[in-house]
Amino acid sequence: MDRSQFDAVIFDMDGVLIDSEPLWKIAMEEAFQSVGCNITRKDFQKTVGLRIDEVVRFWYKERGWEGLTPEQLEDVIMQKMVALIQANGEPLPGVLETIDYLRQNGFKIGLGTSSYRVLIDAVLETLQLTTSFDFTHSAEDEIMGKPHPAVYLTVAARLNVAPQKCLVIEDSFNGVVAGLAAQMKVVCIPEKTHHPDERLAIATKNYPNMLEFLKDFSS
Numbered sequence: 027m028d029r030s031q032f033d034a035v036i037f038d039m040d041g042v043l044i045d046s047e048p049l050w051k052i053a054m055e056e057a058f059q060s061v062g063c064n065i066t067r068k069d070f071q072k073t074v075g076l077r078i079d080e081v082v083r084f085w086y087k088e089r090g091w092e093g094l095t096p097e098q099l100e101d102v103i104m105q106k107m108v109a110l111i112q113a114n115g116e117p118l119p120g121v122l123e124t125i126d127y128l129r130q131n132g133f134k135i136g137l138g139t140s141s142y143r144v145l146i147d148a149v150l151e152t153l154q155l156t157t158s159f160d161f162t163h164s165a166e167d168e169i170m171g172k173p174h175p176a177v178y179l180t181v182a183a184r185l186n187v188a189p190q191k192c193l194v195i196e197d198s199f200n201g202v203v204a205g206l207a208a209q210m211k212v213v214c215i216p217e218k219t220h221h222p223d224e225r226l227a228i229a230t231k232n233y234p235n236m237l238e239f240l241k242d243f244s245s
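Per the working numbering, residue 27 is the first one in the sequence shown, and the count goes up by one each step.
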């Protein structure tokens with residue numbers, strides 16, 4: 027991949043910086059079970075890449091429950107996720123090396139995620155990356171979450187880089203669609219539970235892991 031065509035690299039967070047998908051599944055299974063709504067890990071594949079409020083609304087419409095409002099259940103999930111991240115969060119292989127390379131070579135670095143700000147802060151603090159990004163942004167602050175391109179377009183604007191000069195690193199279909207819709211090139215490093223997903227072939231390029239991406243990008 028020709029790195030000279032890019033001025034900025036924008037990372038997704040969940041499944042890209044941190045293997046948070048298993049943590050999400052634990053937090054959501056426990057939260058949904060607490061209101062008598064049994065949702066399997068396979069079920070959660072339907073909502074990967076969406077904001078948590080969209081996930082909760084989706085399942086409230088599909089299954090319904092009593093006891094907690096969707097907003098209250100969101101809060102329960104968030105509290106569980108912060109605790110799980112702080113206890114178990116580790117960077118995925120190649121993440122720290124890739125960010126170091128990008129900083130040393132003058133690329134602007136952004137973060138565009140469906141996760142809420144409280145989770146962004148928890149992840150960056152746990153991974154010791156609080157000063158590594160030029161701008162971080164949550165789709166919580168957008169009217170539309172992924173696959174709408176708004177979150178990535180906002181990051182590009184705040185980095186003062188044209189979308190066409192941005193490279194997005196994603197792991198999910200909704201995220202890939204969002205990056206492409208923003209007129210950006212998109213590298214997909216599929217989170218293992220998304221594999222195989224033939225839809226991910228729409229990405230500009232796919233890699234098995236971040237280290238393989240860095241090897242290609244830096245060569």
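Each residue gets a CB set at the ideal place from its N, CA and C atoms; glycine is no exception. Remember, predicted model here, so these are calculated numbers, not experimental data.
For G132, no alpha helix (DSSP H) run applies, since DSSP gives it neither H nor E. Taking all protein chains shown into account, G93 has fewer than 16 neighbouring C-beta atoms within 10 Å of its C-beta and is therefore exposed.
Beta-bridge analysis with DSSP links P117 to I44. Using a Cβ-Cβ distance cut-off of 8 Å, the stretch 228-243 and the stretch 106-124 are in contact, since at least three pairs of beta carbons, one from each stretch, lie closer than that value. For S30, the secondary structure class from DSSP, reduced to helix, strand or coil, is helix. Distance from F32 to C192 at the Cβ level is roughly 7 Å; contact confirmed, criterion being Cβ atoms closer than 8 Å. According to the DSSP secondary-structure assignment, E196 is paired through a beta bridge with C214. Leaving aside the five residues that flank E168 on each side, the residues in its chain whose CB is nearer than 6 Å to its CB run, in chain order, A176, V177. Considering only T230, G75, L179, P119, the residue with the shortest C-alpha distance to H163 is L179. Judged by beta-carbon spacing, L185 lies within the 8 Å limit of A34, meaning their Cβ atoms are closer than that value. A straight line joining the alpha-carbon of M54 with that of T230 spans about 32 Å. Counting only unbroken stretches of 3 or more residues, the beta strand (DSSP E) elements lying wholly within the stretch 125-187 are 134-139, 161-164, in sequence order. Assignment of I65 by DSSP, reduced to helix, strand and coil, places it in the coil class.
Here D28 is exposed: its Cβ has fewer than 16 other Cβ atoms, across all protein chains shown, within 10 Å. Distance from V108 to A57 at the Cβ level is roughly 13 Å; contact not present, criterion being Cβ atoms closer than 8 Å.
R143 counts as exposed, since fewer than 16 other beta carbons sit within 10 angstroms of its beta carbon. Taking the Cα positions, D147 is about 16 Å away from I135. In the three-state scheme derived from DSSP, where H, G and I count as helix and E and B as strand, V74 is classed as coil. In this structure, P117 lies near L43, with their beta-carbon atoms less than 8 Å apart. Each residue's CA atom was taken as its position, placing Q112 and Q154 some 11 Å apart.
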